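Protein sequence lines, in the order shown, are assigned to chains A and B. Just so you know, our numbering puts the end of the first sequence at 193, numbered straight through with nothing missing. Just so you know, our numbering puts the end of the second sequence at 193, numbered straight through with nothing missing. C-beta atoms are modelled at their ideal positions from N, C-alpha and C, and glycine is treated no differently. In this text, all values refer to a predicted model and were calculated from it rather than measured experimentally.
Protein chains: 2
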Amino acid sequence: MGRWEPGARDRIADAALELFTEGGFAATTVPQITARAGLTTRTFFRHFADKRDVLFADEDEIPLAITGLLAVAPLSTPTIEVIGGGLRGLVSDYEPRRDQLRARLLIIQSDDSLRERYLRKLSVMSAAMVAGFRQRGTDGRVADVAAKIGSTLFGFAYDRWLATGETRSLSELIDETLDLFGSEFAASTAT
Amino acid sequence: MGRWEPGARDRIADAALELFTEGGFAATTVPQITARAGLTTRTFFRHFADKRDVLFADEDEIPLAITGLLAVAPLSTPTIEVIGGGLRGLVSDYEPRRDQLRARLLIIQSDDSLRERYLRKLSVMSAAMVAGFRQRGTDGRVADVAAKIGSTLFGFAYDRWLATGETRSLSELIDETLDLFGSEFAASTAT
DNA sequence: AGTGTTGATGACATGACGTGTCATCACGTA
DNA sequence: TACGTGATGACACGTCATGTCATCAACACT
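This is the structure we're talking about:
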């Protein structure tokens with residue numbers, strides 16, 4: 003199946019990341035990307051839903067992984083530890099790609115529409131956590147709150163992990179953020 | 003200043019809400035909106051940054067109000083009460099417009115790009131809360147956490163307020179959600 | 001070998017979105 | 001009366017995104 007060079011999708015993604023880095027996201031056009039990848043414009047939209055999606059499409063399986071990780075935790079485990087354990091299980095894929103993800107985040111933070119897309123990613127993670135908690139029998143509203151806490155926590159740790167100068171692992175930073183949230187929230191809710 | 007009918011911006015917003023309700027957001031074109039409002043397409047983009055913005059543009063002053071409300075709270079007030087007080091002060095404008103906001107939320111929930119825009123609104127609220135907390139001297143990371151809690155809490159209460167069948171006031175629901183977050187988080191963080 | 005199917009891509013047309021630019025002209029002011 | 005101001009009209013343009021049909025290597029089956 004294919005008289006063309008293989009790996010069209012990866013070539014597009016690589017070309018896009020290069021061009022976004024060189025000239026910025028908004029100033030880069032889809033024809034420029036596909037020209038560098040040796041393909042036509044139409045083919046770009048066969049692989050990615052829109053121009054932004056090329057920066058996010060390698061994470062399609064994340065929600066499923068989240069739901070699974072949460073659902074299988076022992077029922078006796080406290081909610082906060084379920085969150086922590088789930089996130090730690092999730093991030094093993096992230097650790098080796100730190101430089102790449104750092105470059106990607108720089109691009110995302112430089113453009114409003116990409117920041118919106120990033121927020122949607124966190125929202126999808128939250129929805130997946132709700133599903134995971136419910137599968138293990140957690141009450142609906144509790145699942146909602148726990149999922150928001152979990153996704154917010156991940157966002158904090160992730161941003162910190164990719165901040166310039168940060169050297170600790172994502173796993174360590176998740177633990178640290180868990181502690182921070184625990185202590186700060188205890189203080190916040192103190193009457 | 004103006005040889006034309008006044009209130010162009012409002013006419014556009016009204017026409018847009020009608021057409022979105024009748025035919026859906028994606029299926030409605032900007033020329034259709036401006037035709038109903040008796041204006042040209044170009045004028046639409048003079049008043050709104052993009053097609054989605056017409057559903058959000060009446061909330062530009064919200065972030066400033068948030069920052070102000072938080073900054074002026076007495077330093078002795080516990081963080082959680084600062085959040086609650088700030089939100090209660092914020093929502094007096096919302097209460098009388100419940101039907102309109104309910105119609106608007108239905109449109110937003112029907113379209114991915116609008117949901118993203120809605121998430122950005124909550125994110126902007128969170129940033130405004132960070133600014134407010136910092137102005138009153140709160141430590142940076144504490145302000146970050148408190149702001150996330152505050153914006154998430156508002157999102158919960160707001161969605162619930164506009165749910166079909168809900169009759170309680172937004173103010174009541176904020177109090178209820180404050181209690182929910184407090185108890186659930188206490189349970190979540192229990193070791 | 002020959003034949004048919006499959007699936008990725010090319011090629012082309014089309015419509016909506018969003019912006020830049022200049023002209024127009026009622027209104028306020030001097 | 002003259003002038004400046006500011007909102008709008010009119011037009012051109014580039015990009016994004018999608019629909020549709022043609023092409024043709026790889027594969028399966030006979």
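For this session: Tell me, please, whether the stretch 39-48 of chain A touches the stretch 83-101 of chain A by the rule of three or more beta-carbon pairs shorter than 8 Å.
Result: no
For this session: Would you give the residue range spanned by the alpha helix (DSSP H) that B/W6 belongs to?
Result: Unbroken run through B/W6: none, as it is neither H nor E.
Exercise. Looking only at its own chain, which residues have a Cβ that is under 6 Å from the Cβ of A/V56, when we skip the five neighbours before and after it?
Worked result: Exclusion of the five residues before and after A/V56 leaves A15, A18 and F50 as the residues of its chain whose Cβ lies within less than 6 Å of its Cβ.
For this session: Within its chain, find whatever has a CB closer than 8 Å to the CB of A/T193; leave out the 5 residues flanking it on each side and keep chain order.
Result: Annotation note: pLDDT 47 at A/T193 (below 50); position unreliable, no value reported.
Exercise. Is the beta carbon of B/L121 less than 8 Å from the beta carbon of A/S125?
Worked result: yes
For this session: List the whole-angstrom C-beta distance separating A/R138 from A/L71, where the pair is believed to meet the contact cut-off of C-beta under 8 Å.
Result: By a beta-carbon distance limit of 8 Å, A/R138 does not contact A/L71. Their separation comes to about 11 Å.
Problem set entry | Alpha carbon of B/W163 to alpha carbon of A/E61, nearest angstrom | 33 Å
For this session: For B/T69, count neighbouring C-beta atoms within 10 Å of its own C-beta (all shown protein chains included) and say buried if the count is 16 or more, exposed if not.
Result: buried
Exercise. So what's B/T179 in DSSP terms, helix, strand or just coil?
Worked result: In the three-state scheme derived from DSSP, where H, G and I count as helix and E and B as strand, B/T179 is classed as helix.
Problem set entry | Sequence ranges, alpha helix (DSSP H) only - wholly within the stretch 100-137 of chain B, length at least 4 | Counting only runs of 4 or more, we get 100-111 and 114-137.
Problem set entry | chain B residues whose Cβ lies nearer than 7 Å to that of A/S125 | L121
Exercise. Between the Cα of B/F46 and the Cα atoms of B/R11, B/A165 and B/G86, which residue gives the shortest distance?
Worked result: For B/F46, the nearest C-alpha among the options comes from B/R11.
Problem set entry | Proximity test, Cβ basis, 8 Å: A/T193 and chain B | Legend: pLDDT at A/T193 = 47, less than 50; position of this residue unreliable, no value from coordinates given.
For this session: Grab me the residues of B/K150's own chain with a C-beta within less than 8 Å of its C-beta, minus the 5 sequence neighbours each way, in chain order.
Result: Excluding residues within five positions, the ones whose Cβ falls inside 8 Å are S128.
For this session: Tell me where the alpha helix (DSSP H) around A/S78 begins and ends.
Result: Premise fails: A/S78 is in no alpha helix (DSSP H) and is neither H nor E.
Exercise. Are B/V2 and A/L182 close, meaning C-beta to C-beta below 8 Å?
Worked result: No answer is possible for residue 2 of chain B: the residues shown for chain B start at 3 and end at 193.
Problem set entry | 8 Å Cβ cut-off: residues of chain B touching A/T154 | K150 and T154
For this session: Have a look at A/I82, A/E63 and A/G88 and flag the residue whose alpha-carbon is nearest the alpha-carbon of A/S73.
Result: Per the sequence shown, the amino acid found at residue 73 of chain A is Ala instead of Ser. For A/A73, the nearest C-alpha among the options comes from A/G88.
For this session: Could you say if the stretch 102-122 of chain B and the stretch 79-93 of chain B meet the contact criterion of at least three C-beta pairs nearer than 8 Å?
Result: Touching, no, given that fewer than three Cβ pairs across the two stretches are closer than 8 Å.
For this session: Report the residue from A/E118, A/I109, A/G152 and A/R117 whose alpha carbon sits nearest the alpha carbon of A/A130.
Result: It is A/G152 whose Cα lies nearest to the Cα of A/A130.
Exercise. Skipping 5 residues on each side, what residues in its chain have a beta carbon closer than 7 Å to that of B/F58?
Worked result: R119 and K123
Exercise. Between the C-alpha atoms of A/A159 and A/E178, what's the straight-line distance to the nearest angstrom?
Worked result: A/A159 and A/E178: Cα-Cα distance of roughly 8 Å.
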